[in-house]
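Working notes, structure below.
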Amino acid sequence: MERYTTCPLSFRYAYIDKIPEPTTLSQFKGTFTHKILELLYQDKPFLRTKEQSMHILNSLWEAEKDSENVNEVVENLTNKDDLISDIRKLVLSYFDMEDPVSVDCKATELDITTEISGHKIRGIIDRLDVAEGDQLSIIDYKTGQAPSESFEKSKLNAVLVYALLCEAEFGQLPMEVKLIYLKSRISITKIPSEQSMRAVRARILAIANAIERACEYDDFRPKPSRLCSYCSYQSICPLFSKPQVEGN
Ligand code: SF4
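Heads up: take any position in the sequence shown, counting from 1, add 381, and you land on the numbering used here.
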């Protein structure tokens with residue numbers, strides 16, 4: 382959904398035409414770091430130590446370091462060393478923000494699908510905890526930079542979709558949704574309210590209806606923004622690809 386609001390044409394390329402996108406270095410770091418934290422939380426609480434996280438990192442890296450996936454995102458051995466060193470820093474900085482030994486984790490990588498006014502909505506929650514008084518708490522790890530104040534609101538509204546999914550699955554609105562920015566060592570917490578959840582439902586419905594209409598009329602317009610510089614489809618986007626001049 383976020384992809385559609387960012388640029389309908391890029392949404393079409395990715396989800397309708399299914400044109401594959403190359404994995405970027407930051408995506409690789411993000412996926413790898415999430416995997417380490419997921420496996421860490423599969424251990425008993427007293428085993429969730431820095432040493433254990435480094436042990437998981439080393440085993441995963443041994444299995445992955447010569448894979449096509451890694452070779453696609455890095456060019457040489459020095460870059461590989463930098464890559465794993467960056468991931469190590471991200472994982473270690475997690476321990477400066479939370480003590481995983483004291484966390485009551487209910488689930489990790491929780492895949493939930495629900496229906497809102499006939500539209501299927503799916504999301505994967507990084508971690509779901511049981512907080513005080515048996516209330517639920519959603520944790521979302523971020524490996525990029527923390528957003529500026531002007532973007533913070535839209536990021537928080539986007540993660541409230543997880544609160545909606547959690548309510549659909551467990552019949553209980555979580556007490557909070559917490560974004561943990563590992564690189565900046567900052568966490569941002571949003572407390573879902575009836576009012577914010579009504580707004581999220583209305584937004585989801587509006588986007589889902591817009592996508593349905595776009596499919597019906599095959600109308601996916603490009604929406605240029607500063608994000609175009611990171612778009613994998615720039616070479617085929619009509620706003621960027623130059624027309625071929627006959628005779629040249
Ligand atoms: S380059 Fe920009 S306008 Fe074109 S598809 Fe990508 S995001 Fe959309």
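Ideal Cβ positions, reconstructed from N, Cα and C, are used throughout, including at glycine.
In the DSSP output, what is residue 517 paired with across the bridge? Answer is 511.
Relative to ligand 1, is the shortest distance from any of its heavy atoms to the C-beta of residue 555 smaller than 7 Å? Residue 555: no, Cβ never under 7 Å from ligand 1.
Given 8 Å, three or more beta-carbon pairs between the stretch 606-623 and the stretch 585-592: Touching, no.
Please check the pair residue 571 and residue 548, which I expect to be a contact at CB under 8 Å, by giving their CB distance rounded to whole angstroms. With 8 Å as the limit, residue 571 and residue 548 do not qualify as a contact, their Cβ atoms being about 14 Å apart.
Rounded to a whole number of angstroms, what is the C-alpha to C-alpha distance between residue 523 and residue 515? If I take the Cα positions, the gap works out to 25 Å.
Say yes only if the C-beta of residue 615 is nearer than 7 Å to one or more non-hydrogen atoms of ligand 1, and no if none qualify. Correct: residue 615 has its Cβ closer than 7 Å to ligand 1.
Under three-state DSSP, which class holds residue 558? It is a strand residue.
Distance CB(residue 564)-CB(residue 615) smaller than 8 Å: Against a cut-off of 8 Å, the Cβ pair of residue 615 and residue 564 comes out as no contact.
Alpha helix (DSSP H) segment containing residue 434, residue limits: Going by DSSP, residue 434 is part of the alpha helix (DSSP H) stretching over 431-445.
Please report the straight-line C-alpha distance between residue 385 and residue 423, rounded to a whole angstrom. Distance between the alpha carbons of residue 385 and residue 423 is about 34 Å.
Three-state secondary structure assigned by DSSP to residue 488: In the structure shown, residue 488 sits in a strand (DSSP, three-state: E or B).
Ignoring anything shorter than 3 residues or poking outside the stretch 554-621, list the beta strand (DSSP E) runs there in chain order. The stretch 554-621 contains these whole beta strand (DSSP E) runs: 557-562, 567-571.
Tell me the DSSP secondary structure of residue 680 in three-state form. Nothing can be reported for residue 680: it is not among the residues displayed for the chain, which extend from 382 to 629.
For ligand 1, is there any heavy atom lying closer than 7 Å to the beta carbon of residue 486? No, since every heavy atom of ligand 1 falls outside the 7 Å radius drawn around the Cβ of residue 486.
Hey, is residue 700 close to ligand 1, as in C-beta under 7 Å from one of its heavy atoms? With the chain running from 382 to 629 in the structure shown, residue 700 is simply not present.
Look up residue 504 in the DSSP assignment and say whether it is helix, strand or coil. Of the three classes helix, strand and coil, the one that applies to residue 504 here is strand, per DSSP.
Go through its chain and collect everything with a Cβ distance to residue 562's Cβ below 6 Å, but skip five positions before and after it. Its chain contains 523, 527 as the residues whose beta carbon lies nearer than 6 Å to that of residue 562, once the 5 sequence neighbours on both sides are disregarded; these appear in chain order.
Can you tell me whether residue 475 is buried or exposed, with buried defined as 16 or more other CB within 10 angstroms of its CB? With 16 or more other Cβ atoms within 10 Å, it is buried.
State the beta-bridge partners of residue 522 as determined by DSSP. Here residue 522 is bridged, per DSSP, to 561.
Using 8 Å as the cut-off, can you tell me whether the stretch 419-435 makes contact with the stretch 481-497, which would need three or more C-beta pairs spanning the two stretches below that distance? Yes: the two stretches touch, three or more of their Cβ pairs being nearer than 8 Å.
With C-beta atoms as the reference, is residue 537 less than 8 Å away from residue 493? With respect to the 8 Å criterion, residue 537 and residue 493 are not classified as neighbours on the basis of their beta carbons.
heavy atom of ligand 1 below 7 Å from residue 399 C-beta: Checking every heavy atom of ligand 1 against the Cβ of residue 399, none is found closer than 7 Å.
Integer Cβ distance of residue 489 from residue 419, believed to fall under 8 Å: Under the criterion of beta carbons closer than 8 Å, residue 489 and residue 419 qualify as touching, at roughly 5 Å.
By a C-beta neighbour count over all protein chains shown, 10 Å radius and 16 as the cutoff for buried, is residue 520 buried or exposed? Of the residues assessed, residue 520 falls on the buried side of the cut-off, its CB having 16 or more other CB atoms within 10 angstroms.
Beta carbon of residue 470: closer than 7 Å to some heavy atom of ligand 3? This structure does not include ligand 3; its bound ligands are ligand 1.
Select from 455, 511, 529 the residue whose C-alpha is nearest the C-alpha of residue 551. The shortest C-alpha separation from residue 551 is found at 511.
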